[in-house]
Amino acid sequence: MKKTLLILAAALSGALAASAQTGREWQDPAVNEINRLPMHSTFAAGESMPLDGVWKFHWVRNASERPSGIWQVDYDDASWGAMPVPGMWELNGYGDPLYVNVGYAWRGNFENDPPHVPDAENHVGSYRHTFEVPASWSGKDIFLSIGSATSNVYVWINGRFVGYSEDSKLAAEFDVTKFVKPGENLIALQMFRWSDGTYLEDQDFWRFSGIARGVTLTARDKAHLKDVRITPTLDADYRDAQLHVEVETTPRVKSVGLTLLDAAGEAVTEQQIRPAGGKAGCLFRVADPAKWSAEAPNLYTLRIDVSDGRNVTETVTQPVGFRSVEIRNAQLLVNGQPVLIKGADRHEMDPIGGYVVSRERMIEDIRIMKEMNINAVRTSHYPNDPQWYELCDEYGIYVVDEANVESHGMGYGEETLAKVPAFAQAHMERNQRMVLRDKNHPSVIVWSMGNEAGMGPNFEACYRWIKDYDASRPVHYERAVYDRDGAFTDIICPMYWDYAQCEKYLKNNPSKPLIQCEYAHAMGNSMGGLDHYWKLVRQYPSYQGGFIWDFVDQGLARYEKNGRVSFLYGGDFNNYDATDNSFNCNGIIAPDRTWHPHAYEVKRQYQNIWTELLDPAQGRVEVYNENFFVGLDDYELTWELVVDGRVVKAGRIGELDVAPRQRRTYALGFTSADFCPQAKELLVNVAYKLKNKRPLLDIGHTAAQQQFVVREYDCKAGFGLAASERPVEVTVWERGTRVAGQTWEMFFSRDGFLSAYDVDGRALMAEGAELRPQFWRAPTENDLGAKLDRKLAVWKNPELKLTKFDAGVKDGVAVVEALYELPAVKATLALTYRINGAGEMEVTERMTADKSAEVPNLLRYGMTLTMPARYDRVIYYGHGEHENYADRLSSADLGLYEQRVADQYHDEYVRPQESGTKSDVRWWTVADSSGTGLTILSDAPFSASALPYATADLDVSNFPPQQHSGTLTARDATFVNFDLRQSGLGCIDSWGQLPEERFRVPYGDYTFRFLLRPTIK
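Taking mature numbering (1 follows the signal peptide of the UniProt record, and there is no 0), I'd label the letters of the sequence shown as residues -20 to -1, 1 to 997.
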């Protein structure tokens, strides 16, 4: 009889394995796991063995073609390929990377039909791998953890079905004690590109498949910890604390020792507890502990010694941060203080590994955040690798932890899965598992129920569960803002509210804090107007910041034949898959973690030390410490007195005694006696540098800086042609007009434009070039999103019909006048050139608009000329040193700069676009290595750029969309653009919003006066 039962059991086991392999779990929203262990807090225990490495791998294009029997020990896998674990299929030769923002990966090819997913193009990957189990593990409980499997995973060990899991961003853990044996074992996995879970994973990112985090086997004593929950609370005065500890254990555990250790490893307090029914708890009281915050991430350690009554069977540690989070008086408080959220949204993305992000890369990201004064991150749009939270605990980053729920492709109406009962369980499981895993991390200050998944009963249930389980943190969800007055979100957390929307809410007696979950869309050459947002944040107490979308461009690196790197985006791989092109490249930094120019604007606006120049004559300043918990003891203040771009006096204040949220006045060390009477411009620069090393930041790191204009440059003073006794002559030829002096000559072509400019036998203009009006720029990503390439196309190459041309000499100065009609824009344009005997040329560009005409805005109003490539450097006095624009100036200080033309275009923009402009320029020189070149001045501050590319080279509206900055080929010329006005960049969003009106260039009358002055050395 016993033998018969064993045979039946074996047959049943085989049937279950076969059933699991061919089952429909992957299209059943009621089945999201089989045999998966309950989620618990993250901790290291027992003896672990990573199974990472190269596994046997088999891939099929369509789900129905997947192989059967792969779990069998004697299955022939000799013809299989290989796959790194962790590793994404599409980055290792199996299928193509695909990117869409809104909609599922099958968008445009298959209809949405939840919970069903297509068979066609539903790739299935099968894995097989052998591993050794040590004989010393006999008698222990053995667990398998698969850190992240997209979109699902079936698991077999030694021919037997172990379990199944969905939710690709949280670990699937299984008890495999009864499946493994000492010696060699076989694990087999099968994963689908798409499952019913995919309907809740429609995030705005690359759609990869595979294993993104490590696979681990762990052996633990039968007496072990199953879970621990740590809840710190602070007293009403935020001074003393309580620590509530709850443990869950296996039945063999007889006692648990709890010891709280401080940062030095010294015991603060301890208790011994005895579980009953596998559960126990206790309460610690701690007098005046060092509190945790992003500014001062003070951590304690809770040591948990588990005993079977005779021996300590395992020791587990957990970080403890004493901090409180609450909402009171329409403000989010941490430790009783209304902190400012200087945040960024961050996808887990690596330019080489895709979803596979190393610990080193995580630390690099946090280091950059610290350098940039970012203090908060939203784990958009799913729980991150557990290591990320450990690092945020350690280094001090506030975290909004987001559940892996996004069904954007279903829309927000009646079809939203938030209202579909069949998906209620999946919504709840994903939220519960996130909270259960990350509950002990002090860095997690807000739970987010998901992203862009509509609103309905499924989220209402999640909200209630989280609030019931964890009263120590608020809960937010963006779509809940618009449902029943935000009843199911504790924070008003909209996306991309503009300035007016924010002020409307803030002026209307707000009941909840405003913290935008996404704002200031950082796509391409962007972030114009970030300072406006932060002016509002610092004005209204209930506006506490937000999270910039997003931290890093999601481009994938490709090394080009020219040795440069291109960053690939959607649509770069095939013509079949849906694509939203470059819309996933909207980072503050590039994929390789190079800072974009707008990163400096983030650093400036997010800085925590601010200065006000109180009395320039006495050098008195007021220093404001915007931190909430730390003083400025670690910093020194350095200052410079700058005259016309050159430092004439400098100093430092080595000791700064400014408490949090306090101000203090200091005398820098100069007076008005140090001002130079002949100075055209007088500036004061201040900077705050670390004098003591801090985690990830070195001594000398500049945390904050500002600039003050004491005496402003007067561009009009002295503007105009210098007196010259040298003769000048004008000769009109059939093919044009020649203007010449003793050592120079110019030529105006038949269309009235300057086409040659030679001084001392050196050509200042490239052959075939002209000095021409320019109204167009290579569209930025924001321009393209607003469709300005189409709406403003009339300004791209407008016809200029020459209607009048005169040239002659008047009072010893050559005067050339050309008048044009611009029929497409119903305007006239007059160009007047006044040229003296030294070869200097004063130009007036005057446009007169038809006031009754309806003509769209310009992107710029200025001029362009092309110089030979030997003029390969720029020397200028204006805003720098990184590129800057009318609405992105706060981080670009006025100064005297010298740079290479080759460095002016920002190569790390994923797609070509406008780049390299410097604003509020007082004068601009393009020169060769000897200093010979051409200087441009104006009677008002202007903007200028000098690039190795023509505007047309950077204009992706001229080409198919798949263009990459890394493939640009520099021309054998230097293209100089200089403008009276150029449109701002904007940042409210990248798909329609224009820059603020004051930074646009409306159709109208304009006069640009500038001077071209040869510099011969």
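We put the CB at the ideal spot given by N, CA and C, even for glycine.
Using 8 Å for Cβ pairs, my map puts G716 next to F699. What's the rounded Cβ distance?
About 28 Å; that fails the 8 Å criterion.
List the residues that DSSP assigns as beta-bridge partners of P994.
L914
Indicate the three-state DSSP secondary structure (helix, strand or coil) for W971 in the structure shown.
coil
Relative to the alpha-carbon of L223, which residue among E250, D56 and T230 has its alpha-carbon at the smallest distance?
E250
Here's the rule: buried if 16 or more other CB atoms are within 10 angstroms of the residue's CB, otherwise exposed. What is Q519?
exposed
On the three-state DSSP scale, how would you describe T987?
strand
Would you check if the stretch 59 to 78 and the stretch 133 to 152 touch, i.e. whether three or more CB-CB distances between them fall below 8 Å?
no
Which runs of the beta strand (DSSP E) fall wholly inside the stretch 363 to 393 and span at least 3 residues, in chain order?
378 to 382
Applying the criterion that 16 or more other CB atoms from any shown protein chain within 10 Å of the CB defines a buried residue, is K673 buried or exposed?
exposed
Residue range of the unbroken alpha helix (DSSP H) whose run includes A406
A404 to D418
When we look at the beta-carbon of S970 and count the other beta-carbons within 10 Å, is it buried (16 or more) or exposed?
buried
CB contact below 9 Å: A804 versus chain C
Of the protein chains in this structure there is only one, and it is not chain C.
Which full runs of the alpha helix (DSSP H) of 4+ residues lie inside the stretch 826 to 852, going along the chain?
none
Residue range of the unbroken alpha helix (DSSP H) whose run includes E483
Y479 to L486
My output table needs one value for R691: the three-state DSSP class, helix, strand or coil.
strand
Within 10 angstroms of the Cβ of D985, are there 16 or more other Cβ atoms? Answer buried if so, exposed if not.
exposed
Check Q52 in the structure and name its three-state DSSP category.
coil
State whether the stretch 909 to 921 contacts the stretch 510 to 527, with contact taken as three or more CB pairs (one from each stretch) at a distance under 8 Å.
no
Consult DSSP for F531 and reduce its assignment to one of helix, strand or coil.
coil
Cβ contact check for the stretch 200 to 215 and the stretch 227 to 236: 3 or more pairs under 8 Å
yes
Quick check on L238: does DSSP put it in helix, strand or coil?
strand
Could you give the distance in angstroms between the alpha-carbon of G(-7) and the alpha-carbon of N165?
Legend: pLDDT at G(-7) = 37, less than 50; position of this residue unreliable, value from coordinates given subsequently. The straight-line gap from Cα to Cα measures roughly 18 Å.
Report buried or exposed for W477, applying the criterion of at least 16 other Cβ atoms within 10 angstroms of its Cβ.
buried
Can you grab the Cα-Cα spacing for the pair A749 / V956, in whole Å?
11 Å
Give the C-beta separation of Q496 and F527 to the nearest angstrom, bearing in mind that I take them to be a contact with Cβ-Cβ under 8 Å.
7 Å
C-beta atoms of A274 and V305 nearer than 9 Å
no
Which of the three DSSP states is assigned to P499 in this structure?
Checking the displayed sequence, the identity of residue 499 turns out to be Tyr instead of Pro. In this structure, Y499 counts as strand in the three-state DSSP scheme.
Using C-beta distances below 6 Å, list every residue in its chain close to T2, excluding the 5 sequence neighbours before and after it, in chain order.
In this prediction, T2 has a pLDDT of 48, which is less than 50 and means its spatial position is unreliable; what the coordinates show is noted afterwards. Around T2: no qualifying Cβ.
Between the beta-carbon of N605 and the beta-carbon of R632, is there less than 9 Å?
no
With DSSP as the reference, label F650 as helix, strand or coil.
coil
6 Å CB neighbourhood of T931 in its chain, flanking five on each side removed
A758
Please classify Q252 as buried or exposed, where buried requires at least 16 other C-beta atoms within 10 Å of its C-beta.
exposed
Quick check on this structure: which residue in E294, V233 and S899 has the alpha carbon closest to the alpha carbon of A24?
E294
Go through the stretch 41 to 93 residue by residue and report every complete run of the beta strand (DSSP E) that reaches 3 residues or more, in order.
61 to 65
Unbroken stretches of the beta strand (DSSP E), 3 residues or longer, contained in the stretch 276 to 336:
280 to 287, 292 to 300, 305 to 308, 311 to 314 and 321 to 325
Suppose only complete runs of 3+ residues qualify. What are the beta strand (DSSP E) ranges in the stretch 180 to 257, listed by chain order?
190 to 200, 205 to 214, 221 to 229, 235 to 241 and 247 to 253
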